Each structure stands twice: as structure tokens, then as C-alpha cells.
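Engineer: Residue numbering for the sequence shown follows this note's numbering, beginning at -3 and increasing consecutively.
For every residue, glycine included, the Cβ atom is placed at its ideal position computed from N, Cα and C.
Small disclaimer: the values here were computed from a predicted structure and weren't measured.
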Amino acid sequence: MSDLLKFESEHVWHPYASMQNPPPVYAVKSASGVLLNFEDGRTVIDGMASWWCAIHGYNVPALNTAIEAQLGNMAHVMFGGLTHKPAAALAKLLLSIVPQDMQHVFFADSGSVSVEVAIKMALQHWQAQGIREKSKLLALKSAYHGDTFGAMAVCDPISGMHHMFADVLPKHYFSDVNIEAFTSQIKAHHHELAAVIVEPMVQGAGGMQFYSPEFLQQIRALCHQYDVLLIVDEIATGFGRTGKLFACEHANIQPDIMCVGKALTGGYMSLAATLCSAKVCAGIHADGAGILMHGPTFMANPLACSVALASLQLLLDSPWQQRVCDIALQLSNDLAVCRQHPSVADVRVFGAIGVIEMKAPVDVKKVQQCLIEQGVWLRPFGKLIYTMPPFIISPENLRTITSAMRKALSFA
Ligand SMILES: *Cc1c(COP(=O)(O)O)cnc(C)c1O
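1) For LYS240, which residues of its own chain have a beta-carbon under 6 Å away from its beta-carbon, when the five flanking residues on both sides are left out?
2) Residues in its own chain within less than 6 Å of HIS121 by CB, not counting five upstream and five downstream?
3) Going by Cα to Cα distance, which pick from PRO209, HIS80, LEU260, ALA400 is closest to LEU311?
4) Please state whether the Cβ-Cβ distance between GLN270 and ALA104 is less than 9 Å.
5) CB of SER108 to nearest heavy atom of ligand 1: below 8 Å?
6) Can you tell me whether TYR140 sits near ligand 1, meaning its C-beta is under 8 Å from at least one heavy atom of the ligand?
7) Beta carbon of GLY126: closer than 8 Å to some heavy atom of ligand 1?
8) Taking the continuous beta strand (DSSP E) assigned at SER208, which residues delimit it?
9) Can you find a heavy atom of ligand 1 that lies under 8 Å from the Cβ of GLY257?
10) Count the other CB atoms, across all protein chains shown, that sit within 10 Å of the CB of ASP(-1); report buried if there are 16 or more and exposed otherwise.
11) Note down, in chain order, each residue of its chain lying with its Cβ closer than 7 Å to the Cβ of LEU89, except the 5 sequence neighbours on either side.
12) Leaving out five residues before and five after ILE165 in sequence, what residues of the same chain have Cβ atoms less than 7 Å from its Cβ?
13) Label ASP252 either buried or exposed according to how many other C-beta atoms from any shown protein chain fall within 10 Å of its C-beta, with 16 as the threshold for buried.
14) Counting pairs of Cβ atoms below 8 Å between the region 189 to 198 and the region 121 to 132, do you hit three or more?
15) Which of helix, strand or coil does DSSP assign to THR144?
16) What does DSSP give as the partner residue(s) for ASP229 in the beta ladder?
17) If contact is defined by three or more beta carbon pairs under 8 Å, each pair taking one atom from either stretch, is the region 21 to 28 in contact with the region 51 to 58?
18) Just the C-alpha distance for GLN199 and SER138, rounded to the nearest angstrom, thanks.
19) Identify the continuous beta strand (DSSP E) that holds ALA191 and give its terminal residues.
20) By alpha-carbon positions, which one of SER46, PHE75, GLY37, CYS49 ends up nearest to PRO298?
21) For HIS168, count neighbouring Cβ atoms within 10 angstroms of its own Cβ and tell me buried if that reaches 16, exposed if not.
22) Using only the alpha-carbon positions, how far apart do LYS183 and ALA45 sit?
23) Leaving out five residues on either side along the sequence, give the residues of the same chain with a beta carbon under 6 Å from the beta carbon of LEU327.
24) Between which two residues does the beta strand (DSSP E) holding MET98 run?
25) Within the chosen definition, does the region 212 to 232 reach the region 7 to 23 through at least 3 CB pairs nearer than 8 Å?
26) Counting only the same chain and skipping the five closest in sequence on each side, list residues whose C-beta sits under 6 Å from that of PHE170.
27) In this structure, does DSSP put ARG344 in helix, strand or coil?
28) Are VAL358 and LEU380 closer than 9 Å when you measure CB to CB?
29) For the putative contact between ILE249 and ARG216, defined by C-beta atoms under 8 Å, what is the C-beta separation to the nearest angstrom?
30) According to DSSP, is THR293 part of a helix, a strand, or is it coil?
31) Write down every uninterrupted run of the beta strand (DSSP E) in the region -1 to 44 whose length is 3 residues or greater and which is fully enclosed by it, in chain order.
32) With 16 as the cutoff for other CB atoms within 10 Å, does PRO196 come out buried or exposed?
33) In chain order, what residues of the same chain lie with their CB nearer than 8 Å to the CB of CYS49, ignoring the 5 residues before and after it?
34) What is the DSSP secondary structure of MET354, counted as helix, strand or coil?
35) State yes or no: is the C-beta of ASP229 nearer than 8 Å to some heavy atom of ligand 1?
Here it is as C-alpha cells:
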């Protein structure tokens, strides 16, 4: 195993990492419940839910069974000209729980791709109606919408992680996260705007910031007023994380286009979806053909659709709202004392998301080492030490995470 890990470290890229001077990586042998079992025998509590995904934890019997059952039928078939029960059943369940204006679904293979598809839908909607000047997007500063080129172009262009590509990306408009700035941007540019794209309520990878439901309501109203489509990117927030099934429910708004991913399969497989309203669909068909120009090879993969269906059923049958509410309360109580620490700038909690923002960037390697010594897996970035645990975490295990976060402050 150690030979293999040495080979891995010399040949395999990791996310946002150097190949020649790689940061430490920890080999996981197995995972179950909220625990990750390392190859070296150590066990850690997962406070990241594998980047928002593993809401039910790991090695979940109902999800294992769903995949195994589908495997006996077929692992995959192309979606061009073929269809299958897992995709149809998932679409039906998904459309019954998202905001009611959502009527059509496009299955994509990752969150970033679902954002690409959302942008294409918005552009085709106007183009098919002969309104060619509506070809730009308006996004928020500190936004994160993914790593592919179309998605990168709507991430924060200056402080965001993709600023090095600024010269080759299409140019869109960006607003500060407040209503005055947003109003003036949409007023100034609406003739050119196909759509506004936002992460509802929570800006995730761009800095773990929360904003008010009133702001989201005002964005919705202004998009109506100026005839601009609204895309909500619920890839991180979807499926209960913020205390509502979807974050746009906090503002009680209807998007025109919506992206979901991450927790869609309970963290089992890569699957995402772009949903749209009947109005957007009709716009795309205004040219008479209405052909949406996208079609991933692994579109609506049956294994992924089956496990997504089982994960949604498991979520809806569970007391998820109470669980998220309890996690939020405990995070608020346990992390409150961190506000007194001289290096801490802010402590904030929203749903099952707990964030400590430091005054300066943290020493990720040191902090992570300290956390692991206390049996906790987190992945700090920038000035942030944060957690978004699986919903099934026990109060005792969550206490271990928050205590470890408090201790790690001295290494930050
Ligand atoms: C993670 C994320 C994406 C990208 O999803 P991938 O599956 O990593 O491509 C897009 N938008 C938001 C808000 C995300 O959190």
C-alpha cells in the first residue's frame, strides 16, 4: 500500500493542488455512518459530508440496496433515443418537491455541467425568440458556480478561485451583494441580460457568506420587472442543508431555471440536474425546433438515477427538518465562544452549516493536522474553518467536531 500511495502522490492530481509539491492527502479505506476509516488505522468523524453530498452518511443500507438492484438490470445505457424507469421516476419525484414552476428536467453528470446547461437554456430562450442582444449574465461578487468555462465566467472574477483565466472567459456583469448595487446593475444592463444567476441564501465556495431572504425576493422582483430570467444554483444548498428542502423556499420565490447536484445522490455518484419552467421551455421552442444543444455521454446514468431516487425517498421519510434544526442550534451554542478568540473575525451558522471566519488566512496543513489528531475531518480554506456534517450526526459526534474547531483556532 505505501508503494502505491507513493506512486499516487507522484502521478495523480488532487483538487486545486500542486502535482510537484502536493499537500498531504489521507488514504481512506472505508466509510460508514459519519466515520471515515483511514488505511493507517485512524478513524475520523466527517464534518464535510464529502463537500455537501453525503447527507445520510456513508455505507447506507437503503442506498446500497438501490444501486445493487439497478446493477442487476443495467449499469448504463445511452439516453439519446432510449429512456428508463430510474430516470422517469427520479424526474417525477424531483419535480414534485422543487418550486412548483419547475416543469422540465435535464439530467447532467456534474454540478458544473448543470450550470453550463442552465446558461445554454437562458441563451437559447432569448435567441429562439429573435432577441439576440440578451446574451450576458449578471452574477454576484463572491459567487461560485463551478469549474468549467461557462461556469467559471459567472464566478467572482477578482477574489474568486478562477481569476487567472479572466482574460479568456466571456465577460459578464457582477454586482455587490446588496440591493442598491444589484438594482443599478440590472437597470443599466437589462437589454443585454439573458439571466441573473445566484446561489440562493448561501454563497458557498466563494466564502461561505449568507444573505437575507429579502435580498433574494428583491432579485426575483427586479428580474420580473426587467424581463431577465433568474437561475438559482441550489447545487450546495439543495436537499435540506439550510433547513428548507431548497434555499429559495426561505424567500418563497419561483426561479425560472434551477440547478441541483451534490446531495442529489446522497453522495453516492456524480449526478446533477437543470430544471426549468414551462415559460423557459416555450421560449426555447419559439424558433420552431427547440433543440436544446447538450447531451452528455453519461446523461441520466441509471445507477446514479436509482440511488438519487432512493436518497430522496430516504430524506423525505426522515425527520430531516428536525435534524437540521438541532444541528443548527448546537453549532450556534458550541461555536459561540469562538467569537471571543482574538484571531476570529466572525462566527456564523445557517442550517447545518457552521462557519468560523478568521482575520487572516489559516495554515491549512497545521489546522488539518490538529483536527485529525482530535479525530475530525474538515477541509479549511482561505480564512475559513467550517463544517457541514451529514444530517444523521449524533450530538456527541458534533460536539467532537466543534471542540476540535475551537482547539484548532490556536493553530490557525
Ligand atoms: C459544487 C458547486 C458547483 C459545481 O459542482 P460540481 O459537481 O463540482 O461540478 C456549482 N455551484 C455550486 C453552488 C457548488 O457548490
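Structural biologist: The relevant details are as follows:
1) Residue mapping note: residue 240 aligns to position 244 of the sequence shown, counting from 1. Excluding its 5 nearest sequence neighbours in each direction, LYS240 has C-beta neighbours in its own chain below 6 Å: HIS246, listed in chain order.
2) Residue 121 sits at position 125 when you count from the first residue of the sequence shown. Correct list, in chain order: VAL276, GLY279, ILE280.
3) Residue numbering aside, residue 311 sits at position 315 when the sequence shown is read from its first letter. Taking only the C-alpha atoms, the option nearest LEU311 is LEU260.
4) Against the sequence shown, residue 270 aligns to sequence position 274. Against the sequence shown, residue 104 aligns to sequence position 108. First, the amino acid is wrong: residue 270 is Thr here, not Gln. It is a contact, given that the beta carbons lie within the stated cut-off.
5) Here residue 108 corresponds to residue number 112 of the sequence shown, with the count starting at 1. Yes.
6) The sequence position of residue 140 within the sequence shown is 144, counting from 1. Yes, since a heavy atom of ligand 1 falls inside the 8 Å radius drawn around the Cβ of TYR140.
7) Numbered from its first residue, the sequence shown carries residue 126 at position 130. Not under cutoff, so the answer is no.
8) Taking the sequence shown and counting its residues from 1, one reaches residue 208 at position 212. Premise fails: SER208 is in no beta strand (DSSP E) and is neither H nor E.
9) Within the sequence shown, the letter at position 261 stands for residue 257. Yes, the beta carbon of GLY257 sits closer than 8 Å to at least one heavy atom of ligand 1.
10) Along the sequence shown, one-based indexing puts residue -1 at 3. By the Cβ neighbour-count rule, ASP(-1) is exposed, with fewer than 16 other Cβ atoms within 10 Å of its own.
11) As a first step, residue 89 is located in the sequence shown; it is residue number 93 there, counting from the start. Around LEU89: LEU305, LEU308.
12) Within the sequence shown, residue 165 is the residue found at index 169, counting from 1. The sequence as given places Leu at residue 165; Ile does not occur at that position. The beta carbon of LEU165 sits closer than 7 Å to those of PHE145, MET148, ALA149, all from its chain and outside the five residues before and after it, given in chain order.
13) Along the sequence shown, read from residue 1 onward, the residue named residue 252 stands at position 256. ASP252 is buried by the Cβ-count criterion.
14) These segments touch.
15) The residue given as residue 144 occupies position 148 in the sequence shown. Note: THR144 maps to coil in three-state DSSP.
16) The count along the sequence shown starts at 1 and reaches residue 229 at position 233. BP columns for ASP229 point to CYS255.
17) Counting Cβ pairs under 8 Å, three or more are found: they touch.
18) Taking the sequence shown and counting its residues from 1, the one referred to as residue 199 is at position 203. Taking the sequence shown and counting its residues from 1, the one referred to as residue 138 is at position 142. The alpha-carbon separation between GLN199 and SER138 amounts to approximately 7 Å.
19) Translated into positions along the sequence shown, residue 191 becomes position 195. Element bounds for ALA191: 189 to 194.
20) Counted from its first residue, the sequence shown places residue 298 at position 302. Comparing Cα positions, the closest option is PHE75.
21) Indexing the sequence shown from 1 puts residue 168 at position 172. Classification for HIS168: buried.
22) The residue labelled residue 183 in the question sits at position 187 within the sequence shown. The residue labelled residue 45 in the question sits at position 49 within the sequence shown. Cα to Cα, the separation comes out at about 40 Å.
23) In the sequence shown, residue 327 corresponds to position 331, counting from 1. If the five residues before and after LEU327 are omitted, its C-beta is found closer than 6 Å to the C-beta atoms of VAL345, GLY350, all from its own chain and listed in chain order.
24) Numbered from 1 along the sequence shown, position 102 holds the residue referred to as residue 98. Looking at the DSSP string, the run of the beta strand (DSSP E) that includes MET98 is 98 to 104.
25) Too few Cβ pairs lie closer than 8 Å, so no.
26) Along the sequence shown, read from residue 1 onward, the residue named residue 170 stands at position 174. Non-local beta-carbon contacts of PHE170 in its own chain, meaning distances under 6 Å to residues more than five positions away in sequence, involve ALA135, LYS137 in chain order.
27) Taking the sequence shown and counting its residues from 1, the one referred to as residue 344 is at position 348. The answer is strand: DSSP assigns ARG344 an E or B state.
28) Within the sequence shown, the letter at position 362 stands for residue 358. Within the sequence shown, the letter at position 384 stands for residue 380. Pairing VAL358 with LEU380 gives a Cβ-Cβ distance under 9 Å.
29) Here the question's residue 249 lines up with position 253 in the sequence shown. Here the question's residue 216 lines up with position 220 in the sequence shown. That pair is a contact at about 4 Å.
30) Against the sequence shown, residue 293 aligns to sequence position 297. The answer is coil: DSSP assigns THR293 none of H, G, I, E or B.
31) Whole beta strand (DSSP E) segments, 3+ residues: 24 to 28, 31 to 34, 39 to 42.
32) Your numbering for residue 196 matches position 200 in the sequence shown. A residue is called buried once 16 or more other Cβ atoms fall within 10 Å of its Cβ, and PRO196 is buried on that count.
33) The residue given as residue 49 occupies position 53 in the sequence shown. Apart from the 5 residues on each side of it in sequence, CYS49 sits with its Cβ closer than 8 Å to the Cβ of LYS258, ALA259, THR261, GLY262, GLY263 in its chain, given in chain order.
34) Here residue 354 refers to the residue found at position 358 when the sequence shown is read from its first residue. Shown here, MET354 sits in a strand according to DSSP, grouped into three states.
35) In the sequence shown, residue 229 corresponds to position 233, counting from 1. At a cut-off of 8 Å, the beta-carbon of ASP229 counts as near ligand 1: some heavy atom of the ligand is closer than that.
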